Each structure stands twice: as structure tokens, then as C-alpha cells.
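Trainee: Attaching a single structure in C-alpha cells format; questions to follow.
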Amino acid sequence: HMFILEQEEYRIEGIDWTFIDFGLDLQPCIELIEKHPMGILPLLDEECWFPKATDKSFVEKLEREFISHQKYKKPDFRSSAHFTVAHYAGNVDYNASNWLVKNMDPLNDNLTSLLHKSGDPFVESLWKDLSNVHAMPDSSAFGASKPRKGMFRTVGQLYKEQLNSLMTTLRNTTPNFVRCIIPNYEKKPGKLVAPLVLEQLRCNGVLEGIRICRQGFPNRVLFQEFKQRYEILTPKVIPKGFMDGRKACQLMLEALDLDENLYRIGLSKVFFCAGVLGHLEEERDMKLTDVIIGIQAYCRGVLARQQYRKRVQQSIAVRVVQRNVRSYLKLRNWQWWKLFTKVKPLLNVTRHEDDMREKDKELKDIVSRMEKSEYDLKELQRVHQQISAEKASLSQQLQQEVESSAELEEARNLLAKRKMELEDLFKETEARLAEEEEKNDELMNDKQQKDVQIEELEDT
Numbered sequence: 050h051m052f053i054l055e056q057e058e059y060r061i062e063g064i065d066w067t068f069i070d071f072g073l074d075l076q077p078c079i080e081l082i083e084k085h086p087m088g089i090l091p092l093l094d095e096e097c098w099f100p101k102a103t104d105k106s107f108v109e110k111l112e113r114e115f116i117s118h119q120k121y122k123k124p125d126f127r128s129s130a131h132f133t134v135a136h137y138a139g140n141v142d143y144n145a146s147n148w149l150v151k152n153m154d155p156l157n158d159n160l161t162s163l164l165h166k167s168g169d170p171f172v173e174s175l176w177k178d179l180s181n182v183h184a185m186p187d188s189s190a191f192g193a194s195k196p197r198k199g200m201f202r203t204v205g206q207l208y209k210e211q212l213n214s215l216m217t218t219l220r221n222t223t224p225n226f227v228r229c230i231i232p233n234y235e236k237k238p239g240k241l242v243a244p245l246v247l248e249q250l251r252c253n254g255v256l257e258g259i260r261i262c263r264q265g266f267p268n269r270v271l272f273q274e275f276k277q278r279y280e281i282l283t284p285k286v287i288p289k290g291f292m293d294g295r296k297a298c299q300l301m302l303e304a305l306d307l308d309e310n311l312y313r314i315g316l317s318k319v320f321f322c323a324g325v326l327g328h329l330e331e332e333r334d335m336k337l338t339d340v341i342i343g344i345q346a347y348c349r350g351v352l353a354r355q356q357y358r359k360r361v362q363q364s365i366a367v368r369v370v371q372r373n374v375r376s377y378l379k380l381r382n383w384q385w386w387k388l389f390t391k392v393k394p395l396l397n398v399t400r401h402e403d404d405m406r407e408k409d410k411e412l413k414d415i416v417s418r419m420e421k422s423e424y425d426l427k428e429l430q431r432v433h434q435q436i437s438a439e440k441a442s443l444s445q446q447l448q449q450e451v452e453s454s455a456e457l458e459e460a461r462n463l464l465a466k467r468k469m470e471l472e473d474l475f476k477e478t479e480a481r482l483a484e485e486e487e488k489n490d491e492l493m494n495d496k497q498q499k500d501v502q503i504e505e506l507e508d509t
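See the structure below:
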């Protein structure tokens with residue numbers, strides 16, 4: 050079932066793929082075991098109805114019916130098995146001793162139900178799976194099969210009912226399987242029996258699944274995800290602007306120089322053979338490593354240059370301080386220097402007019418900048434008012450759209466409710482039609498019988 054779904058996805062994505070029917074090898078074996086009325090399980094149920102039937106007569110009947118079947122084989126005369134079934138994983142020998150007794154399940158339903166409802170917790174725990182063992186289909190559902198009253202059910206019938214229920218659940222859901230492997234029969238940790246594990250992997254279909262996955266394309270990535278993740282491997286290949294995801298992935302794959310047999314481009318995904326995506330991940334990791342190393346080198350270079358400039362400035366500052374200290378030591382006792390220090394404060398009086406002119410010039414510049422700022426502020430206020438008006442209009446339109454959407458949603462709900470009511474009415478009408486057809490058939494049979502009786506009376 051999973052392999053069919055896998056190939057169905059290939060078909061939906063438009064991939065050139067030859068459909069492989071993996072169920073051809075399994076169908077004859079399934080029909081041998083459960084096909085009605087000539088399967089092994091139906092024949093076992095049939096033998097249970099005969100009082101004088103034995104395990105030997107059951108095996109003899111199997112040999113008569115399936116002696117020419119491709120999946121049925123007679124075991125070696127030295128073996129204790131009575132017959133062999135060729136499953137796809139290998140031949141399995143079966144010993145039919147006490148099969149009839151076990152299949153009739155001598156435990157009474159009332160007795161098992163009583164033990165299941167026991168007040169003793171231990172006894173109740175022994176029969177906690179009773180509801181699963183005797184689970185029956187819902188007879189209230191339309192078209193559900195009903196067990197015939199007055200007839201016991203064999204273990205084979207219970208198994209078939211449980212299998213049908215399981216298959217119904219699997220068809221209605223998306224199944225995920227967990228394979229449980231027994232490492233050894235001694236239940237010891239750290240011990241792995243290789244032949245036992247290999248046999249379980251073969252019988253569970255794991256090896257077959259791996260083989261099928263290697264034939265197909267087990268790894269798949271959406272176009273957008275592939276572009277975002279692996280665009281680093283193909284720089285400057287995709288032009289700027291919008292481009293279709295399929296076209297972009299095709300250009301990237303051509304730039305990566307991959308073999309065309311290793312990938313397929315679908316309608317929404319890129320499919321890869323086993324190992325190709327891992328190779329791309331390794332190349333991406335190497336590219337990211339180079340990029341990160343380059344970023345680290347650039348950051349270290351910036352920090353080193355900043356430290357160098359800081360050291361140069363410190364060195365220049367030290368030289369300036371030293372030069373000024375030396376000059377001060379030479380000039381502090383010089384008479385002309387002392388006179389200069391006393392006259393220097395008086396020189397600032399002549400500079401007052403120059404400072405006033407500079408202040409006036411700065412004031413004019415500030416006034417001009419302030420006028421320009423006021424003009425810009427008025428312009429921004431006008432633009433703000435225009436945008437606010439547009440926002441109010443858009444808000445009103447949005448409110449109208451929300452109200453219309455709510456009305457449409459309410460109408461859709463009413464239509465869905467009406468559809469469900471009509472479907473229920475249709476089912477009831479079908480049930481009534483079936484009953485009327487049965488009554489019509491009975492009336493026709495009665496009419497035919499009456500016609501026969503009238504003819505007989507006329508003849509007499």
C-alpha cells in the first residue's frame with residue numbers, strides 16, 4: 050500500500066516513471082490463505098462444522114485443493130510440518146495439530162464476559178483485551194454486515210473481522226509504521242543475533258522497502274525550500290526579480306552539474322535518488338564553512354586595525370605631551386615668557402568685535418535653517434493629513450469586505466447544513482427503497498405461486 054502511494058505521488062507530480070506493481074508476488078499467497086470459499090482459513094472453518102473432522106482430514110483436504118497451487122508446497126517427509134506456504138520472504142512450515150480445536154475457541158462468551166467484569170483486579174487484568182478480541186462491526190451503520198444468529202464464530206472469523214477493521218482504518222488514514230526487532234531470544238541486553246535480526250528485517254518487508262526506495266526517489270524537497278537552502282551553491286545563477294520556482298530549480302541543478310538520472314523535477318517538488326541530497330548537504334556545509342571563515346577573518350582584521358589605530362594615536366599623544374613638557378621646562382624661567390603670560394589676557398579685548406560678527410553670522414544661519422524646517426514641517430503635516438484620509442477610506446472598505454465575508458460564510462454554513470440533511474434523507478430513501486423492493490419481490494413470488502395454484506385448479 051505504501052509503495053503504491055509512493056508511485057502515485059510520482060504520477061501526480063508528472064514524473065517519468067514506469068509503474069511497478071509490487072503486490073503481484075503477494076496476491077497469490079493472500080488468496081491461498083483467506084480467499085473465500087477455497088482458502089486455508091475458510092476450509093478450516095468448514096472442517097469445524099463436521100463432527101468427525103480431524104486435523105488429518107483437514108490436511109488431506111488442503112492437499113486435494115492446493116496440490117497445484119504455486120504457493121502451496123508439501124514439506125520434506127522428515128519434517129514434522131504438514132504443509133508449507135511460500136511467502137515472499139521465504140517458505141514457512143505449518144503444523145496443523147489441534148488446529149480444529151483451537152479454531153473453534155471452546156471458551157464461552159458469557160464466561161469470558163463474566164471474568165472480564167470480575168471484582169478482582171488481577172482476574173480483570175487477564176481479560177482486559179476481551180473487547181478487542183470479540184469486537185464486532187457496527188450493525189447500526191447502513192450496509193454493515195450482520196452476524197447470523199444462532200451460529201458460533203471461529204477464531205478464523207474473528208481474525209478476518211479484525212483484519213477487515215484494520216484495513217478499513219488504514220485506507221481512511223495515513224499510516225506510519227514502527228518496526229520492532231527482537232535482538233535475541235534470551236532477552237539479554239547488548240546481545241545481537243545477526244541471523245535472527247536479518248530474518249525479521251526480511252519478513253517485515255524492511256529490506257524490500259529499502260530496495261524499492263533505492264529504485265525510486267526517496268528524497269524530495271519543495272521548490273521554495275530547495276531554492277532557499279541550496280542557492281548558496283549556485284551564486285549569480287538565478288537573476289534578480291521574480292522567477293518561477295520550477296525554472297529556478299532547473300537552472301540551479303544544471304549549474305550543480307548533477308547527472309539527470311539522479312533527480313527528477315515534478316510540479317511542486319524536486320525528487321532525488323538515495324544519497325544525492327546528502328552530497329548536496331556536504332557541499333553546502335563546506336560552502337558555509339568557507340563563508341564563516343571569511344566573516345571571521347574580516348571581523349578579526351577590523352578589530353586588529355582598530356587596535357593598531359588606537360596604539361598609533363596613543364604613541365603620537367605621548368610624543369606631543371613629551372614635547373610640550375620639554376618646551377615648558379625651557380621657557381618657564383625666561384623673562385620674555387613671563388611678560389607674554391601677563392600681556393596675553395589683555396589681547397582678548399581687541400577680539401570682542403570679531404566674536405560679535407561671528408555670532409551674528411551664526412544667528413542668521415540658524416534663523417534660515419529654522420525657516421526651512423518650518424516649511425518642511427508644514428509639508429509633512431499636509432502629507433500626513435492626506436495619508437490619514439486614505440487610511441480612513443481603506444478602513445471603511447475593509448469593514449464592508451469583512452461584513453460581506455461574514456454573510457458569505459453564514460450562507461455557506463447554511464448550505465453545508467442543508468447538504469447534510471439532504472444526504473441523510475437520501476440514505477433513508479435508499480433504505481426504504483430497498484425494503485420496498487424486498488416487499489415487491491415477496492409479492493411477486495406470492496403472485497407466481499397463486500398463479501400456479503389457479504392453473505392447477507383450472508386443470509383439475
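Just so we're aligned, residue 50 is where the sequence shown starts under our numbering, counting upward by one. All residues carry an ideal CB built from backbone N, CA and C; glycine is no exception. These numbers were taken from a predicted model, which means no experiment stands behind them.
Let's test the definition: count the other Cβ atoms within 10 Å of the Cβ of A441 and tell me whether it reaches 16, buried, or not, exposed.
Mentor: In the sequence shown, counting from the first residue as 1, residue 441 sits at position 392. A441 is exposed by the Cβ-count criterion.
Trainee: Nearest by alpha-carbon distance to V204: which of L378, A465, Y347 and P91 is it?
Mentor: Here residue 204 is taken as the residue at index 155 of the sequence shown, counted from 1. The shortest C-alpha separation from V204 is found at P91.
Trainee: Just how far apart, CA to CA, sit Y59 and L326?
Mentor: Sequence index remark: in the sequence shown, residue 59 carries index 10 (1-based). Sequence index remark: in the sequence shown, residue 326 carries index 277 (1-based). So the two alpha carbons sit approximately 18 Å from each other.
Trainee: With burial defined as no fewer than 16 other Cβ atoms inside 10 Å of the residue's Cβ, what is the status of C348: buried or exposed?
Mentor: Counting from 1 along the sequence shown, the entry for residue 348 is found at position 299. C348 is classed as exposed because its beta carbon has fewer than 16 other beta carbons within 10 Å across all chains shown.
Trainee: Quick check: the Cα distance between N147 and F107, rounded to an integer number of angstroms?
Mentor: Residue mapping note: residue 147 aligns to position 98 of the sequence shown, counting from 1. Residue mapping note: residue 107 aligns to position 58 of the sequence shown, counting from 1. One C-alpha to the other measures close to 11 Å.
Trainee: Using the C-alpha atoms, what's the distance from K393 back to K408?
Mentor: Locating residue 408 in the sequence shown gives position 359, counting from the first residue. Locating residue 393 in the sequence shown gives position 344, counting from the first residue. Looking at the two C-alpha atoms, the distance is approximately 23 Å.
Trainee: How should N152 be labelled, buried or exposed, when 16 other C-beta atoms within 10 angstroms of its C-beta is the threshold for buried?
Mentor: Taking the sequence shown and counting its residues from 1, the one referred to as residue 152 is at position 103. The residue is buried, with at least 16 neighbouring Cβ atoms inside 10 Å.
Trainee: Would DSSP call Y312 helix, strand or coil?
Mentor: What you label residue 312 is simply residue 263 of the sequence shown in a count that begins at 1. Here Y312 sits in strand by DSSP.
Trainee: Starting from R269, trace the beta strand (DSSP E) in both directions and tell me its first and last residue.
Mentor: In the sequence shown, residue 269 corresponds to position 220, counting from 1. From DSSP, the beta strand (DSSP E) with R269 extends over N268 to L271.
Trainee: Along the beta strand (DSSP E) that carries N140, what are the first and last residues, could you check?
Mentor: Against the sequence shown, residue 140 aligns to sequence position 91. Here the beta strand (DSSP E) through N140 covers G139 to Y143.
Trainee: Is the number of C-beta pairs between the stretch 280-290 and the stretch 230-247 that are closer than 8 Å three or more?
Mentor: Segments in contact, no.
Trainee: Per the contact definition of three or more C-beta pairs closer than 8 Å, is the stretch 83-103 in contact with the stretch 202-217?
Mentor: yes
Trainee: Taking all protein chains shown into account, do 16 or more other C-beta atoms lie within 10 angstroms of the C-beta of L463, making it buried, or fewer, making it exposed?
Mentor: Mapped onto the sequence shown, residue 463 falls at position 414. L463 should be labelled exposed.
Trainee: Return yes when the Cβ of F132 is within less than 7 Å of the Cβ of Y143, no when it is not.
Mentor: Taking the first residue of the sequence shown as position 1, residue 143 is located at position 94. Taking the first residue of the sequence shown as position 1, residue 132 is located at position 83. The answer is yes: Cβ separation under 7 Å.
Trainee: Quick check: the stretch 294-311 against the stretch 335-350, are there 3 or more CB pairs under 8 Å?
Mentor: Contact fails: fewer than three Cβ-Cβ distances are below 8 Å.
Trainee: Compute the Euclidean distance between the alpha carbons of F115 and Y121, then round it to the nearest angstrom.
Mentor: As a first step, residue 115 is located in the sequence shown; it is residue number 66 there, counting from the start. As a first step, residue 121 is located in the sequence shown; it is residue number 72 there, counting from the start. Using only the alpha carbons, I get a separation of about 6 Å.
Trainee: For the alpha helix (DSSP H) that K496 lies in, which residues bound it at each end?
Mentor: Locating residue 496 in the sequence shown gives position 447, counting from the first residue. Element bounds for K496: H401 to D508.
Trainee: Going by DSSP, what residue range makes up the alpha helix (DSSP H) through V512?
Mentor: The displayed coordinates of the chain run from 50 to 509. Any statement about residue 512 would go beyond what the structure contains.
Trainee: In whole angstroms, what is the alpha-carbon distance linking L160 and S167?
Mentor: On the sequence shown, residue 160 is found 111 positions in, with the first residue counted as 1. On the sequence shown, residue 167 is found 118 positions in, with the first residue counted as 1. Distance between the alpha carbons of L160 and S167 is about 11 Å.
Trainee: Beta-carbon of Q363 versus every beta-carbon of chain D: anything under 7 Å?
Mentor: Any reference to chain D falls outside this structure, which holds one protein chain only.
Trainee: Could you check if Y279 is buried or exposed, using at least 16 other CB atoms within 10 Å of its CB as the buried criterion?
Mentor: Indexing the sequence shown from 1 puts residue 279 at position 230. It is buried - the Cβ of Y279 has at least 16 other Cβ atoms within 10 Å.
Trainee: Do F266 and F321 have their C-beta atoms closer together than 7 Å?
Mentor: As a working mapping, residue 266 is identified with position 217 in the sequence shown. As a working mapping, residue 321 is identified with position 272 in the sequence shown. Against a cut-off of 7 Å, the Cβ pair of F321 and F266 comes out as a contact.
Trainee: At 4 residues or longer, and completely inside the stretch 283-343: list those alpha helix (DSSP H) runs for me, N to C.
Mentor: 294-305
Trainee: Which residue or residues does DSSP assign as beta-bridge partners of T133?
Mentor: Looking up residue 133 in the sequence shown gives position 84. Per DSSP, K122 and D142.
Trainee: Check for me: the alpha helix (DSSP H) holding N213 runs from which residue to which?
Mentor: Indexing the sequence shown from 1 puts residue 213 at position 164. Its alpha helix (DSSP H) spans residues V204 to N221.
Trainee: Look up D65 in the DSSP assignment and say whether it is helix, strand or coil.
Mentor: Residue numbering aside, residue 65 sits at position 16 when the sequence shown is read from its first letter. In the structure shown, D65 adopts coil according to DSSP, grouped into three states.
Trainee: Does DSSP put S106 in a helix, in a strand, or in coil?
Mentor: On the sequence shown, position 57 is the one that residue 106 refers to. Correct three-state label for S106: helix.
Trainee: Pick helix, strand or coil for K391, following the three-state DSSP scheme.
Mentor: Position 342 of the sequence shown holds residue 391. Here K391 sits in helix by DSSP.
Trainee: Grouping DSSP H, G and I as helix and E and B as strand, with all else coil, what is K101?
Mentor: Counting from one through the sequence shown, the residue named residue 101 turns up at place 52. Of the three classes helix, strand and coil, the one that applies to K101 here is coil, per DSSP.
Trainee: R251 lies in the alpha helix (DSSP H); which residues open and close that run?
Mentor: Taking the sequence shown and counting its residues from 1, the one referred to as residue 251 is at position 202. It spans A243 to C252 - the alpha helix (DSSP H) in which R251 sits, taken as one unbroken run.
Trainee: Just to confirm before moving on: does the CB-CB distance between A145 and D104 stay below 7 Å?
Mentor: Locating residue 145 in the sequence shown gives position 96, counting from the first residue. Locating residue 104 in the sequence shown gives position 55, counting from the first residue. Cβ distance < 7 Å, so A145 and D104 count as in contact.
Trainee: Output the distance between the C-alpha atoms of L271 and E472, rounded to the nearest integer angstrom.
Mentor: Stepping through the sequence shown from its first residue, residue 271 is reached at position 222. Stepping through the sequence shown from its first residue, residue 472 is reached at position 423. So the two alpha carbons sit approximately 39 Å from each other.
Trainee: Note down the Cα distance separating Y377 from K391, rounded to an integer number of angstroms.
Mentor: In the sequence shown, counting from the first residue as 1, residue 377 sits at position 328. In the sequence shown, counting from the first residue as 1, residue 391 sits at position 342. When only Cα atoms are considered, Y377 and K391 end up about 16 Å apart.
Trainee: Along the alpha helix (DSSP H) that carries R170, what are the first and last residues, could you check?
Mentor: Taking the first residue of the sequence shown as 1, we reach residue 170 at position 121. Here residue 170 is Pro; the residue named in the question, Arg, does not match the sequence. Start and end: P170 to L175.
Trainee: Whole angstroms are fine: how far does the CA of T223 sit from the CA of M335?
Mentor: Translated into positions along the sequence shown, residue 335 becomes position 286. Translated into positions along the sequence shown, residue 223 becomes position 174. Approximately 37 Å, taken between the alpha carbons.
Trainee: Here's the rule: buried if 16 or more other CB atoms are within 10 angstroms of the residue's CB, otherwise exposed. What is I415?
Mentor: What you label residue 415 is simply residue 366 of the sequence shown in a count that begins at 1. Exposed, since its Cβ has fewer than 16 Cβ neighbours within 10 Å.
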